[in-house]
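What follows is a single structure, written as structure tokens, with notes after it.
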Amino acid sequence: MKIASFNINGIKARAERLLEWLPESGVDVALLQEIKSIDANFPRAPFEDLGFNVETFGQKSFNGVAILSKLPLEDVTRGLPGDDSDEQARWIEATVIGTRALRLCNLYLPNGNPAPGPKYDYKLAWMERLRNRARDLLTAEEPALMAGDWNVIPQPEDAHNPDKWREDALFLPETRAAFRRILNLGFTDAFRAIDQAPLNYTFWDFQRGAWNRNDGIRIDHFLLTPQAADLLRDCRIDRHMRGRERPSDHVPIWVDLEI
DNA sequence: ATGCCTCCCCGAGGGAGA
Numbered sequence: 215m216k217i218a219s220f221n222i223n224g225i226k227a228r229a230e231r232l233l234e235w236l237p238e239s240g241v242d243v244a245l246l247q248e249i250k251s252i253d254a255n256f257p258r259a260p261f262e263d264l265g266f267n268v269e270t271f272g273q274k275s276f277n278g279v280a281i282l283s284k285l286p287l288e289d290v291t292r293g294l295p296g297d298d299s300d301e302q303a304r305w306i307e308a309t310v311i312g313t314r315a316l317r318l319c320n321l322y323l324p325n326g327n328p329a330p331g332p333k334y335d336y337k338l339a340w341m342e343r344l345r346n347r348a349r350d351l352l353t354a355e356e357p358a359l360m361a362g363d364w365n366v367i368p369q370p371e372d373a374h375n376p377d378k379w380r381e382d383a384l385f386l387p388e389t390r391a392a393f394r395r396i397l398n399l400g401f402t403d404a405f406r407a408i409d410q411a412p413l414n415y416t417f418w419d420f421q422r423g424a425w426n427r428n429d430g431i432r433i434d435h436f437l438l439t440p441q442a443a444d445l446l447r448d449c450r451i452d453r454h455m456r457g458r459e460r461p462s463d464h465v466p467i468w469v470d471l472e473i
């Protein structure tokens, strides 16, 4: 089963790219972030015509996540547990059944800039809630994954120019420590399990010709439970998507699981 | 040193992104 994560930076602006990439890539499941759309305005029909089931958790203008799946999606839940007052649409879960069940958690982690400040406080609090959900996933001892735009640069080799990011919410020591606290519960960073090389990025800024200079960062990640990691066949980044017409600033990353 | 693009809202120009 091939499962991708893709921050599309607006479904209306990216529907065309997405509709050509889905058949090309042969993904079974696509976890989308930043749909920037309310559920009612998500253009479901063209994706359903390609054979995908569509589950969305959107909001007006900002954020918003969605799951496209060729297999039926079961037990869909919306919103990260732990704060009923949180109105930002950044988390959706569902189960797909292959040769066995796989729980999918699709996340759009807060950016957190400027740091310090209330936005950074929100990011760290959100990561603490995420850690609680992650712990419960491990307790189940089943194949599960948490994937999406984590807005975390885990290590210096995950940035072309790490010094530029030293004061940034994506790379501050406290951010990286919070990410490690989740990872060290017992998850596998799927990309690093497959490829340890530097210069592998998933985001390049629109400005300053970042793409042409490969001035990128690796911030889109797949974290696998041990039972999912046992099934990992491959994990790759579709970096060619950044060079297409009217691209997102992120590109897809995908895993192939033997399930 | 610097938000230099691109998206959203909508129908001007500001907020957000990372």
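When we follow the numbering used here, the leftmost residue of the first sequence carries the number 215, and every step to the right adds one.
For each residue, glycine too, the CB sits at the ideal point set by N, CA and C.
This one's a predicted model, so the numbers in the text were calculated from it and none came from an experiment.
- Gln247 has Asn221, Val279 as its beta-bridge partners, per DSSP.
- Rounded to whole angstroms, the Cβ separation of Ala443 and Ala391 is 22 Å, and the two are not in contact under 8 Å.
- Residue pairing from DSSP places Gly362 in a beta bridge opposite Leu321, His435.
- Residue burial annotation: Asn375 is exposed, with fewer than 16 other C-beta atoms found within 10 angstroms of its C-beta.
- When C-alpha distances from Arg314 are compared across Asn325, Thr402, Gln441, the shortest belongs to Gln441.
- Three or more Cβ pairs closer than 8 Å define a contact, and the segment 234-246 meets that threshold against the segment 280-292.
- Straight through space, the alpha carbons of Ile433 and Arg447 are spaced by roughly 21 Å.
- In this structure, the straight-line span from the alpha carbon of Pro370 to that of Ile311 is close to 37 Å.
- Annotation: the continuous alpha helix (DSSP H) that includes Asn346 extends over 332-354.
- Taking C-beta separations shorter than 8 Å and ignoring five residues to either side along the sequence, the partners of Asn428 in its chain run His374, Leu413, Tyr415, Trp418, following chain order.
- Taken through DSSP and simplified to helix, strand or coil, Asp263 comes out as helix.
- Counting along the chain, the unbroken beta strand (DSSP E) around Glu288 starts and ends at 288-292.
- Around the C-beta of Arg349, fewer than 16 other C-beta atoms lie within 10 Å, and the residue is accordingly described as exposed.
- Ile467 is bridged by DSSP to Ser219, Ile451.
- In the DSSP annotation of this structure, Thr416 is not part of any alpha helix (DSSP H), being labelled neither H nor E.
- Here Ala227 is exposed. Its C-beta has fewer than 16 other C-beta atoms within 10 Å.
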